[in-house]
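**Student:** Using numbering that gives the first Met the number 0, the letters of the sequence shown map in sequence onto residues 0 to 129.
Let me begin by handing over the structure; questions about it come next.
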Amino acid sequence: MLALLSIVSSQTGKEQCERHREKDRRPHSCPDEPWSSGHVKVRVIERPGPARATISWCDPKACYYGDQTWRASVARQPGVCALSGVNIQRGDSIYRPGPSKPPPLNANAMILAHFIESSQAESLYSTSNN
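Given below as structure tokens:
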């Protein structure tokens, strides 16, 4: 856990997002984020259960969730895996953000289950998607 904290704190963009999230768990935009627009940073932090994953999600144009719980599900529509960039087809096993009120800004995001459930999740530490 301390290693994760040192990684997060060493990145200025993450520090800015964290500063916005200190008061509560609702999403906040990161207007001063130094990353290029359209880039989303996704990390698998841990697997608290067989059908759950804790994800760090930072979209410099929309929101940051430092420890968002995602749940196993089945894709209801085609999309793109937020972690790997691989196409997702309807019926694929995926993870998606857990339900909350209000819904998270990334509620429609998906990650293919294979990339979370396999050892590949560790090698896909962080990605940028356009």
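Using N, Cα and C, we set each Cβ at its ideal position, and we do this for glycine too.
Rounded to whole angstroms, what's the CA-CA distance from residue 94 to residue 51? Just pull it up for me.
**Tutor:** 8 Å
**Student:** What distance in whole Å lies between the Cβ atoms of residue 85 and residue 111, which are believed to be in contact at a cut-off of 8 Å?
**Tutor:** So it is a contact: roughly 6 Å between Cβ atoms.
**Student:** Give me the DSSP bridge partner(s) of residue 111.
**Tutor:** 93
**Student:** Going by the C-beta, is residue 115 closer than 7 Å to any heavy atom of the ligand SAH?
**Tutor:** Judged by which ligands are present, the structure shown has none, so any question about the ligand SAH falls away.
**Student:** Note the first and the last residue of the continuous beta strand (DSSP E) segment covering residue 67.
**Tutor:** 62 to 73
**Student:** For a quick check, are the C-beta atoms of residue 71 and residue 92 less than 8 Å apart?
**Tutor:** For residue 71 and residue 92, yes; Cβs fall inside 8 Å.
**Student:** Please report the Cβ distance between residue 55 and residue 65, rounded to the nearest whole angstrom; I am assuming they are in contact, meaning their Cβ atoms lie under 8 Å.
**Tutor:** 6 Å
**Student:** In angstroms, rounded to a whole number, what distance separates the CA positions of residue 115 and residue 83?
**Tutor:** Approximately 10 Å, taken between the alpha carbons.
**Student:** Could you pull the DSSP bridge partners for residue 86 from this structure?
**Tutor:** Beta-bridge pairing by DSSP links residue 86 to 79.
**Student:** Going by other Cβ atoms of all chains shown within 10 Å of its Cβ, with 16 needed for buried, is residue 90 buried or exposed?
**Tutor:** Under this definition residue 90 is an exposed residue.
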